[in-house]
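Numbering (my numbering), first residue to last: 12 to 1062.
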């Protein structure tokens, strides 16, 4: 069929999709399809140039431009054939740019679809017998099938022209314009903003974008044909296709790398549904999204069966409901020989050239070539690292090989290379036997009885012999009061020698200590004492009464008094705690609890002794050194400074928990051997300490540490070893560590600091949602096993069973592991990197904070109907509380009676009702955007929305609503109507953004509307002065998860 010049038709839905992408990402070569060849022999250049022109004349799609026409939408218009398409260059001409530059121009120069032809071609003469020939076609005008037609026709045309004859290429039975008109008449349409509507499929394996959307790279590895042939035979026997089987394996591997068992994978589908279209060049592709479901099985037959049925549904699915899929993971299979052209006597070899872009976030395809099959990945380097992609492809190939041999066997969870690396780094050094804590303190007393165990700011000194004596006195007092081995005894004392005597005395009595914070509200202390079943409290007179607790209270012996006659341990014989019971309870630490009450963690003597053994060696603690005890002793962060010095004969400098404690420590910073604190508090110490005078070892824990902070500390204290120590309370203080020595190297360090490797007798595993190990570079939940694992949560067997599980990876019968809830991954260097949490728990100033605990207390306040707590991402992090109902002043009083200072919110905002998401949950993201009250518990008006804070937003809101009404033909449009819900589409979005841009005097793109899809949100965005357009569409926010392999080659 002949198509006349000037003929036009509606653009197809697929063309609209690609055109919209060009509008959102102008200047990109993402949808350029390049093919290059090296031609060797006697080339007739004039014949080749004429053949290219014949190609353009034969196929109208190659000379079609796209135009938006008011009232008619996007149209494709066929133009007259150009005089010549082929650009020719001779590298022997000194004015000619280099070959690479010429190819770069051809491939990467953007195509303006409304002004330029979608095809370009180049011929580069290396010498008389060798040329480089290439064509680049925009995807809007061709697909993979089209290129086979183009290669065939180009060869025919060249061979005819080389003999001096015009070619007879015939014409297509059906033109692409006819196909487009038919689709338009059928009402087929793809909404660029559409969202997947299957039964709530899981989110997709995407990474947070950190670079430009159009960057891309290509990686290829070989795959053996025998495996593919076996899987093809296996598929045929089961009535399905090789594509379905390969997709099943790819889906399983992708699930392993994304911690998901049900998710979407896209694949291109041909829509050449008529044999008459076989000779037609054009874009006959739509992208189908299919749900891959590998849940509860590793049986290839089951997964392939599910996908076979899903494939049939995808073929029948209305393409008008297909989503924009450029940010998804894609999989495809291509078969056939390597692309070449029959140019007569010339030798033609393909020259692979990539556009440097990626059509998808991550696209994998298998190319079946006789004797040369391969797996290729096209990916975005800004999201995926090359090493991580290579490991993914290796894993995919490994599973293909295993599945081909025995489809029903268990597939490897991680690549073999990853398993080998993980095995070498997941276990700390094994040490047989562990000296008990009390025994090591006793040994220090025998060896250095006159050495100072503790000093105070006021000059009070406590020698080791005196410490041991007074601890024995305390133990006997406790025993006379009825304390038996294994009982819990609480302390509520300020930091000082008396506190140390009490702790050692409790341990010598064979009891476990529960250190309470004297600054906590009495109501909270009573709650912890009751929940722990504590019947005895060691507290000084300065601590007020503890209401609602019926136990007994005693005061510690005054360490200023001399030893009591006849009370030395040597005369009175050994005490119960002088014998080591590895699995006995050493202490209980209370942490924030999500149910509204603090939870007690029961730690063992074995775990405590193991940590102290490791710490004194790792940190080089020795007699005569000084360590400050200055962090709140109710938290296990203080264990290092509180007990490690005592087991080696070092001195503890006790610094009371007062507002001056940082200044007191900073003044002597360089005199200490070891200082342990949090990243937040070390900034205060650094600002007050003398530059260049730091401790020998600076240990940071309790919250995430940044590399920039490490660099700052190393620059300020070049002789100090900086250590990042990680460990939840449930596994005794520290479980992994990473250290830096010497001054920081030049260059700005960014990102989170690694948390290193496991300490002695500790096993760490990174697990997916089904508690299987994940590959290197993949984010998963950290599980910790070994001697440090505690007994669990006091009086909470259900919660204990949920977080403390049998450990199948330690190789020790009966071993247990603790599921931390922390998201980590193994780096290429074999170290652990921490990313965040699976839940909403946060760390503030080193303290674990469960928002649920604060919310539960708020809900108990008078008149409160709803409560939500959010924590901002800024520094320092602040707790913000929002309630529906109640009165601010009463709520503040209510919270202060029940929560410690560290859990009090920085602000309370009272609203009529809390904003909700479409799923009926509190919209915490919306709450974070509310303005923070300037002072005190500010109460904004119920309709005070952060969307209305930008000057001029209200005026813009009305104008945008009217524009939507005019463009979409619906009325009225309210401030919170969703653009897509009221019928908005991609073409109208472009028109609307053009109108806004003209009125605003700056560029407002389609992405801005997608990211702010209501008049109120878009108005605030437009009115905000200097605000840059968002680079991510709203749907990306809906599909983010913990990543596959974020920048693993930078690890």
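For glycine and all other residues, C-beta sits at the position ideal for the given N, C-alpha and C. No experiment lies behind these values; they were computed from the predicted model shown.
Exercise. Cα-Cα, which of 860, 372, 453 is closest to residue 389?
Worked result: 372
Between the CA atoms of residue 737 and residue 767 - distance to the nearest angstrom: Going from the Cα of residue 767 to the Cα of residue 737 covers about 8 angstroms.
- Message: So, does the stretch 348–364 touch the stretch 39–58, judging by three or more C-beta pairs under 8 angstroms?
- Response: yes
Margin query: Per DSSP, what are the beta-bridge partners of residue 750 in this structure?
Written below: 734
Grab me the residues of residue 742's own chain with a C-beta within less than 6 angstroms of its C-beta, minus the 5 sequence neighbours each way, in chain order. Here residue 742 has 795, 799, 800, 829 as same chain residues with Cβ atoms under 6 angstroms from its own Cβ, once five neighbours each way along the sequence are excluded.
Given a threshold of 16 other Cβ atoms within 10 Å of its Cβ, counted over all protein chains shown, does residue 852 qualify as buried or as exposed? buried
Q. Around the C-beta of residue 669, are 16 or more other C-beta atoms found within 10 angstroms, so that it is buried, or is it exposed?
A. exposed
Worksheet entry | Residue from 507, 247, 591, 642 with nearest C-alpha to residue 621 | Looking at the Cα atoms, 591 is the closest of the given residues.
Which same chain residues, not among the five before or five after residue 345, have their C-beta less than 8 angstroms away from its C-beta? 155, 376, 377, 378, 379
Item to complete: Could you tell me which of 1004, 482, 1029, 981 sits nearest to residue 987, measuring between CA atoms?
Response: 1029
Note to self: Is the separation between the beta-carbon of residue 677 and that of residue 716 shorter than 8 angstroms?
What the structure shows: Residue 677 is not a Cβ neighbour of residue 716, given a cutoff of 8 angstroms.
Practice problem: Figure out for me which residue from 396, 94, 568 has the closest Cα to the Cα of residue 485. | Solution: 568
**Prompt:** Which value, in whole angstroms, describes the spacing of the CA atoms of residue 39 and residue 226?
**Reply:** 9 angstroms
- Message: If I measure Cβ to Cβ from residue 617 and keep anything under 7 angstroms in the same chain, skipping five residues before and after, which residues do I get?
- Response: 445, 593, 594, 798
Taking all protein chains shown into account, do 16 or more other C-beta atoms lie within 10 angstroms of the C-beta of residue 17, making it buried, or fewer, making it exposed?
exposed
*For residue 230, which of helix, strand or coil comes out of DSSP?*
Three-state result, residue 230: strand.
Any beta strand (DSSP E) of 3 or more consecutive residues that is wholly inside the stretch 760–800
765–769, 773–778, 791–797
Decide if residue 138 is buried, meaning its Cβ has at least 16 other Cβ atoms within 10 Å, or exposed. exposed
According to the Cβ coordinates, are residue 633 and residue 659 closer than 8 angstroms? yes
Cβ-based neighbour list, residue 1020, same chain, cut-off 7 angstroms, excluding 5 preceding and 5 following: 990, 1000, 1003, 1004, 1029
message: Spatial neighbours of residue 241 within its chain, please: C-beta separation below 6 angstroms, excluding the five flanking residues on both sides.
response: 415
Below 6 angstroms CB to CB, which residues in the same chain sit around residue 370 once its five sequence neighbours on both sides are set aside? 41
* Taking the alpha-carbon positions, what's the residue 889 to residue 882 distance? -> 6 angstroms
*Leaving aside the five residues before and after residue 508 along the sequence, list all residues of the same chain whose C-beta is less than 7 angstroms from its C-beta, in chain order.*
Counting only Cβ-Cβ distances below 7 angstroms, and skipping sequence neighbours, we find 465, 467, 471, 473, 570, 665.
By Cβ distance, which residues of its chain are closer than 6 angstroms to residue 937, with the 5 residues on each side in sequence left out? 926
Of the residues 528, 115, 838, which one's Cα is nearest the Cα of residue 396? 838
The stretch 745–756 contacting the stretch 683–698, beta-carbon criterion three pairs below 8 angstroms:
Segments in contact, no.
Three or more C-beta pairs under 8 angstroms: does that hold for the stretch 161–180 against the stretch 61–74? yes
Measuring CA to CA, which of 823, 821, 29, 831 is closest to residue 814? The option with the nearest alpha carbon to residue 814 is 831.
Kindly provide the ranges of any beta strand (DSSP E) runs that are 3 or more residues long and lie completely inside the stretch 268–299, ordered along the chain.
-> 273–281
Practice item. Kindly indicate which residue of 789, 776, 108, 785 has the alpha-carbon position closest to the one of residue 819. Key: 776
Q | Nearest-angstrom Cα separation, counted from residue 754 out to residue 934 | A | 45 angstroms
When the Cβ atoms of the stretch 182–190 are set against those of the stretch 71–80, are three or more pairs found closer than 8 angstroms?
In the pairwise beta carbon analysis, the stretch 182–190 is classified as touching the stretch 71–80: at least three pairs are separated by under 8 angstroms.
Residue 323 burial status per 10 Å Cβ neighbour count (16 or more: buried):
If you draw a 10 Å sphere on the C-beta of residue 323, you find fewer than 16 other C-beta atoms in it, and that means exposed.
What whole-angstrom Cβ distance do residue 130 and residue 152 have, given they're in contact under 8 angstroms? In this structure residue 130 touches residue 152 by the C-beta definition: roughly 7 angstroms separates them, less than 8 angstroms.
task: Assign residue 16 to one of three DSSP states: helix, strand, or coil.
output: Annotated three-state conformation of residue 16 is coil, per DSSP.
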